[in-house]
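What follows is one structure encoded as structure tokens, with my remarks underneath.
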Amino acid sequence: MSESIQNTRILIIDDDEDDFFLTSEYIKKIEDRKFRIDWCFKYSDAINHIRNGNYDLYFIDYYLGAKTGLDLIKDAVALQCQEPMVLLTGKGNQYIDREAMQAGAMDYLVKSELNVEKVERCIRYSLERAASVKALRANERKYRNIFERSKDAVFLATEKLKFRDANDAACKLLQSTRSQLSSVSLYDLLEQKENEYIERQLSQTGIVNDREIELGSNEGEKKYCILSLSTEIEIDGQKYIHGLLHDITELKKAEKATLQAEKLAAAGRLVQTLAHEVRNPLNNINLSLEQLQHELDGANDSEIYMEIIHRNSKRISDIITELLNSSRPAEMQLIDKPLQVMLDESISAALDRITLQKIRLQVRYTPRPAFVKADAEKLKLAFLNIIINAVEAMQEDKGILTIEVETDKNHHIVKIRDNGSGIAEENLSKLFEPYFTSKRNGLGLGLAATLNILQAHKGRIEVTSELQKGSQFTISFPAAETN
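Under the working numbering, the first residue of the sequence shown is numbered 15, with each subsequent residue one higher.
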């Protein structure tokens with residue numbers, strides 16, 4: 015037996031010294047253990063000893079002058095006393111015994127029934143149970159810390175996936191408080207097909223492993239996560255679900271931005287090859303045309319055809335130039351500039367269209383200047399392309415164009431929202447691809463050039479849309495470090 019157990023420190027709290035001697039004698043007769051036994055008869059002194067954790071075990075008499083042993087036990091529990099407390103009563107009283115155990119006593123003894131065997135059993139039981147409770151509490155604290163401090167969203171839920179408990183990361187991810195989550199099921203945040211898959215997996219295997227899902231939050235923002243679920247059983251046989259959500263939204267956005275950049279780069283290489291191959295014969299056509307114009311000078315019938323050839327050659331040349339400009343990495347001259355100023359200038363450039371279409375304009379800016387490192391002229395052009403597309407998507411006299419600037423940690427965010435015709439889901443992924451357009455006479459280069467400019471500013475763009483309800487372009491820029 016270890017030294018710490020052999021030298022057990024016991025405090026007997028009793029206002030009767032004779033009773034203290036009687037109880038201590040029983041303790042001293044216990045073999046195989048060594049005890050340090052002290053006496054305390056004042057309530058206030060007992061509280062101080064308990065607060066300071068001076069003893070391993072407390073024997074507490076029921077009668078302590080103006081207060082009772084039950085009062086002392088309750089006060090000790092309030093002080094988070096982890097050492098075992100045993101209530102001593104003058105005679106057996108089932109009500110007092112039950113109340114003592116509910117208050118926090120580890121055991122109780124009737125003074126008139128004391129003997130060495132009962133006292134030894136009580137001490138051994140109390141110390142062993144206290145050690146087990148301490149170990150359980152230590153484990154609970156350890157796993158609670160892991161639960162709370164995890165950067166991943168961890169939650170407990172019912173079999174119907176209704177949230178029972180969630181850590182701070184889960185509340186942040188779902189943009190809800192714990193009390194709000196308690197009335198929500200994970201199924202409420204997922205699409206029906208996803209719910210059917212999860213229900214099937216849980217009923218068949220009890221687990222869901224690393225399922226990539228699209229998650230809706232309280233504020234409607236989409237999040238991409240890896241979901242894992244496992245069915246567990248509590249002591250009373252009730253089942254519950256342990257869940258883990260790993261947020262991969264930023265990873266998805268980075269992958270999307272990389273894919274867009276790769277598409278632009280591939281398109282750029284193709285354009286440069288085609289431009290080279292087309293421009294050479296086009297130059298020959300133009301030279302031949304000039305020669306013919308000299309030779310056929312004054313021939314009225316030929317003049318008309320010469321004009322047609324000249325006009326269309328120039329148009330082909332202009333298209334090639336536009337293609338090359340849209341595919342080249344934009345050369346930037348970056349200075350610190352507030353987004354609000356550049357957006358105002360882009361709005362001014364589009365104001366005639368906005369006015370003619372009778373569009374209602376709503377502008378909401380964060381009060382502090384949102385400085386970014388920008389080539390102002392190019393960034394204004396990118397904003398203008400998006401604004402014009404939004405205006406063209408809305409019906410005359412019914413459109414509402416909303417432009418906002420927000421600040422979030424180390425980023426400034428521009429949101430351009432319309433209530434127009436919206437974009438079909440299958441077209442969203444193609445939106446910034448060169449040559450993709452839904453306009454009859456469009457080349458599909460405006461948004462491709464816009465993406466090129468935004469990426470040169472380290473901007474990240476995201477588009478959400480719903481048919482017949484409108485679209486939102488959300489652009490995030492790194493904040494410039496300003497003094």
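Note that the Cβ used here is the ideal one computed from N, Cα and C, for glycine as well.
Counted within 10 angstroms of its Cβ, other Cβ atoms place residue i as buried (16 or more) or exposed
{"i": "S485", "result": "buried"}
{"i": "N13", "result": "Because residue 13 is not part of the residues shown, which for the chain are 15 to 497, the question remains open."}
{"i": "E17", "result": "Legend: pLDDT at E17 = 42, less than 50; position of this residue unreliable, value from coordinates given subsequently. The residue in question, E17, is exposed, as its Cβ has fewer than 16 Cβ neighbours within 10 Å."}
{"i": "P381", "result": "exposed"}
{"i": "T294", "result": "In the sequence as displayed, the identity of residue 294 is Asn instead of Thr. Looking at its Cβ environment, which holds fewer than 16 other Cβ atoms inside 10 Å, N294 is exposed."}
{"i": "K392", "result": "buried"}
{"i": "G251", "result": "exposed"}
{"i": "M15", "result": "Only weak support is given to the placement of M15: the predicted model assigns it a pLDDT of 40, under 50, and the question is left unresolved by the model."}
{"i": "K42", "result": "exposed"}
{"i": "L150", "result": "exposed"}
{"i": "D32", "result": "exposed"}
{"i": "V386", "result": "buried"}
{"i": "T369", "result": "exposed"}
{"i": "Q354", "result": "buried"}
{"i": "A384", "result": "buried"}
{"i": "I489", "result": "buried"}
{"i": "R325", "result": "exposed"}
{"i": "Y157", "result": "exposed"}
{"i": "Y72", "result": "buried"}
{"i": "L188", "result": "buried"}
{"i": "S140", "result": "buried"}
{"i": "L229", "result": "buried"}
{"i": "S196", "result": "exposed"}
{"i": "I160", "result": "exposed"}
{"i": "N21", "result": "exposed"}
{"i": "G79", "result": "exposed"}
{"i": "D422", "result": "exposed"}
Boundaries (first-last residue) of the alpha helix (DSSP H) holding residue i
{"i": "I361", "result": "353-370"}
{"i": "Y40", "result": "31-42"}
{"i": "Q409", "result": "Here Q409 belongs to no alpha helix (DSSP H), and DSSP marks it neither H nor E."}
{"i": "R214", "result": "206-218"}
{"i": "A438", "result": "Note, A438: premise wrong, no alpha helix (DSSP H); not H, not E."}
{"i": "Q194", "result": "192-195"}
{"i": "Q347", "result": "Element bounds for Q347: n/a, residue is neither H nor E."}
{"i": "L188", "result": "182-188"}
Bounding residues of the beta strand (DSSP E) (the contiguous stretch that carries residue i)
{"i": "V100", "result": "99-103"}
{"i": "R65", "result": "Note, R65: premise wrong, no beta strand (DSSP E); alpha helix (DSSP H) at 57-66."}
{"i": "S244", "result": "236-247"}
{"i": "A5", "result": "As displayed, the chain neither begins before 15 nor continues past 497, which places residue 5 out of reach and without an answer."}
{"i": "G499", "result": "Not covered by the structure: residue 499. The range shown for the chain is 15 to 497."}
{"i": "R378", "result": "374-379"}
{"i": "Q486", "result": "484-492"}
{"i": "Y72", "result": "71-75"}
{"i": "A384", "result": "Run containing A384: none; DSSP gives neither H nor E here."}
{"i": "K429", "result": "425-431"}
{"i": "K48", "result": "48-54"}
{"i": "V477", "result": "474-480"}
{"i": "D28", "result": "Neither: D28 is in no beta strand (DSSP E) and is coded neither H nor E."}
{"i": "I262", "result": "Counting along the chain, I262 falls outside any beta strand (DSSP E), and DSSP gives it neither H nor E."}
{"i": "D224", "result": "221-230"}
{"i": "E420", "result": "414-422"}
Beta-carbon separation (whole angstroms), residue i vs residue j, contact threshold 8 Å
{"i": "L102", "j": "D29", "result": "Not really, about 11 Å apart at Cβ, beyond 8 Å."}
{"i": "C185", "j": "R192", "result": "6 Å"}
{"i": "L241", "j": "I227", "result": "5 Å"}
{"i": "F34", "j": "I24", "result": "Contact flag wrong, Cβ pair sits at about 11 Å."}
{"i": "E97", "j": "Y69", "result": "6 Å"}
{"i": "I499", "j": "G83", "result": "The structure shown does not extend to residue 499, since the chain is modelled only from 15 through 497, so no value can be given for it."}
{"i": "V428", "j": "L348", "result": "17 Å between Cβ atoms; not a contact."}
{"i": "I430", "j": "F491", "result": "Incorrect: roughly 14 Å between the Cβ atoms, too far for contact."}
{"i": "L303", "j": "I323", "result": "6 Å"}
{"i": "D500", "j": "G413", "result": "Any answer about residue 500 is impossible in this case: the structure gives the chain only from 15 up to 497."}
{"i": "Y238", "j": "T263", "result": "5 Å"}
The stretch 474-481 / the stretch 427-437 touching (three or more Cβ pairs under 8 Å): Contact between the stretch 474-481 and the stretch 427-437 is present, because at least three Cβ pairs lie under 8 Å.
Return the chain-ordered ranges of every beta strand (DSSP E) run that is complete within the stretch 90-155 and spans a minimum of 3 residues. Segments of the beta strand (DSSP E) lying fully in the stretch 90-155: 99-103, 121-124.
Contact between the stretch 317-330 and the stretch 357-365 (3+ Cβ pairs under 8 Å): Counting Cβ pairs under 8 Å, fewer than three are found: no touch.
Is there contact here, the stretch 34-54 with the stretch 90-101, by at least three beta-carbon pairs under 8 Å? Between the stretch 34-54 and the stretch 90-101, the count of C-beta pairs closer than 8 Å stays below three; the two stretches do not touch.
Contact between the stretch 458-472 and the stretch 389-407 (3+ Cβ pairs under 8 Å): Segments in contact, yes.
Tell me, please, whether the stretch 254-273 touches the stretch 166-175 by the rule of three or more beta-carbon pairs shorter than 8 Å. Because the criterion of three Cβ pairs below 8 Å is met, the stretch 254-273 and the stretch 166-175 touch.
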